[in-house]
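**Q**
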Amino acid sequence: MSVRELVVLGTASQVPTRHRNHNGYLLRWDGEGVLFDPGEGTQRQMLHAGVAAHDLTRICVTHFHGDHSLGLAGVIQRINLDRVPHPVTVHYPHSGQRYFDRLRHATAFFESVPLSQQPVKGPGVLDRTPAFTLEARPLSHPVDCFGYRLVEPDTFRMLPERLAAHGIAGPDVGRLQRSGSLTVDGRTVTRDQVGEMRRGQRFAFVMDTRMCDGVLELADGADLLVIESTFLDEDERLAVDHGHLTAGQAGRVAREAGVRHLVLTHFSQRYSDPAEFERQARAAGFEGPVSVAEDFMRVAVPKRR
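Quick note, the sequence shown lines up with residues 27 to 331 if you use the numbering used here.
(1) Exposed or buried, what is Gln227 when buried is set at 16 or more other beta-carbons lying within 10 Å of its beta-carbon?
(2) Quick check: the Cα distance between Leu52 and Leu61, rounded to an integer number of angstroms?
(3) Can you tell me whether Ala230 is helix, strand or coil according to DSSP?
(4) Straight-line CA distance for Ala79 to Gly274?
(5) Per DSSP, His287 forms a beta bridge with which residues?
(6) Cutting at 6 Å between CB atoms, please list the residues of its own chain near Pro64, excluding the five before and the five after it.
(7) Give the list of continuous alpha helix (DSSP H) stretches no shorter than 4 residues that lie fully inside the segment 79 to 131.
(8) Leaving out five residues on either side along the sequence, give the residues of the same chain with a beta carbon under 7 Å from the beta carbon of Phe172.
(9) Grab the span of the beta strand (DSSP E) containing Phe322 for me, first residue to last.
(10) Leaving out five residues before and five after Arg183 in sequence, what residues of the same chain have Cβ atoms less than 7 Å from its Cβ?
(11) At a cut-off of 8 Å, would you count Gly148 as near the ligand ADP, judging by its Cβ distance to the nearest heavy atom?
(12) Could you pull out every residue in the same chain whose Cβ sits closer than 7 Å to the Cβ of Val199, ignoring the five residues on either side in sequence?
(13) Span of the alpha helix (DSSP H) holding Phe303?
(14) Using three-state DSSP, classify Met27 as helix, strand or coil.
(15) Could you tell me whether the Cβ atoms of Ser317 and His292 are closer together than 9 Å?
(16) At what residues does the alpha helix (DSSP H) containing Leu271 begin and finish?
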């Protein structure tokens with residue numbers, strides 16, 4: 027059975043706390059497992075969350091600050107230690123190649139798994155698979171940073187009630203789907219008369235950034251948006267200075283982009299009441315479901331409309 031869900035492995039910004047590990051997020055997408063921003067301690071968080079190295083097919087790093095990348099060395103070595111039976115692709119900012127090289131070869135280990143390095147040089151499509159298209163957009167942070175967007179292809183589906191109304195059943199359904207039209211009792215019925223396009227699901231991952239065009243481009247129409255909200259609105263000046271978003275800004279992005287489910291994360295340790303992040307996101311006008319991320323939380327990708 028296909029599973030599409032976000033497994034939260036860590037939610038702290040800059041430094042871990044007693045209750046929040048450094049960043050780490052696994053997107054389960056049918057048979058794919060996309061690990062975003064493995065911060066320090068991600069390998070242990072995976073153990074607690076029931077995530078195996080075998081689950082990983084792709085790793086996406088937004089930028090090379092430690093809370094988003096220091097766990098990369100351990101994760102790569104675990105993939106090799108466990109002899110994962112499939113290649114693993116890694117995306118990261120091209121300008122950080124020297125950091126990636128240091129993390130990949132931080133210590134001695136036996137390399138047993140093909141690791142495909144696909145650095146991100148600019149906005150656009152990174153990869154196309156039968157399951158999704160992976161895109162990147164530049165964000166606004168003191169170091170080069172890219173957000174990621176996963177888009178499932180649109181598909182066409184037949185609607186049983188329309189088929190029945192036109193007297194089409196059995197093998198005729200397949201014939202109509204293949205040819206695009208069918209003659210029934212002297213009438214020509216087209217595929218468009220008995221079906222509709224079904225929009226593919228969309229997932230967006232936005233970390234460490236000020237407000238910029240890339241944020242809205244990534245979030246546009248997302249069924250599930252994971253977005254940093256490091257600061258509360260009263261500290262917006264700090265957010266701008268350090269290249270981050272506030273909870274209210276994240277809420278406005280979700281509202282303007284037509285997001286269905288908003289996941290807030292990457293919280294500064296200065297705040298003691300996590301519920302205030304949701305309150306400020308809702309005060310910005312977002313009315314859909316909001317999850318204030320906690321370590322080991324699981325959030326399902328919303329079902330298609």
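Virtual Cβ for every residue (Gly too), placed ideally from N, Cα, C.
**A** Reading it off the structure:
(1) Counting from 1 along the sequence shown, the entry for residue 227 is found at position 201. Label assigned to Gln227: buried.
(2) Looking up residue 52 in the sequence shown gives position 26. Looking up residue 61 in the sequence shown gives position 35. So the alpha carbons of these two residues sit roughly 4 Å apart.
(3) Walking along the sequence shown from the start, residue 230 turns up at place 204. Strand, per DSSP.
(4) For the purposes of this step, residue 79 is identified with residue 53 of the sequence shown, where counting begins at 1. For the purposes of this step, residue 274 is identified with residue 248 of the sequence shown, where counting begins at 1. Answer to the nearest angstrom: the Cα atoms are 36 Å apart.
(5) Counting from one through the sequence shown, the residue named residue 287 turns up at place 261. Per DSSP, Leu250.
(6) Here residue 64 refers to the residue found at position 38 when the sequence shown is read from its first residue. Cβ neighbours of Pro64 beyond the five flanking positions: Gly50, Gly97, Leu98, Val101.
(7) Listed in chain order, they are 92 to 95, 98 to 107, 123 to 130.
(8) For the purposes of this step, residue 172 is taken as the residue at position 146 of the sequence shown. Excluding positions up to five away in sequence, the list reads Thr88, Pro119, Val146, Ala162, Arg163, Pro164, Leu165.
(9) Residue 322 sits at position 296 when you count from the first residue of the sequence shown. Careful: Phe322 lies outside any beta strand (DSSP E) and carries neither H nor E.
(10) Taking the first residue of the sequence shown as position 1, residue 183 is located at position 157. Taken in chain order, the residues that qualify are Gly221, Glu222, Arg224.
(11) Looking at this structure, you won't find the ligand ADP or any other ligand, since it has none at all.
(12) Here the question's residue 199 lines up with position 173 in the sequence shown. Met184, Leu189, listed in sequence order.
(13) Here the question's residue 303 lines up with position 277 in the sequence shown. Counting along the chain, the alpha helix (DSSP H) containing Phe303 begins and ends at 301 to 309.
(14) Position 1 of the sequence shown, counted from the start, is the residue given in the question as residue 27. In this prediction, Met27 scores a pLDDT of 48, lower than 50, which makes its location untrustworthy; the coordinate-derived value is nonetheless stated afterwards. Three-state DSSP puts Met27 in coil, outside helix and strand.
(15) The residue labelled residue 317 in the question sits at position 291 within the sequence shown. The residue labelled residue 292 in the question sits at position 266 within the sequence shown. With a cutoff of 9 Å on beta-carbon distance, Ser317 and His292 are scored as not near each other.
(16) Taking the sequence shown and counting its residues from 1, one reaches residue 271 at position 245. No alpha helix (DSSP H) contains Leu271, which DSSP labels as neither H nor E.
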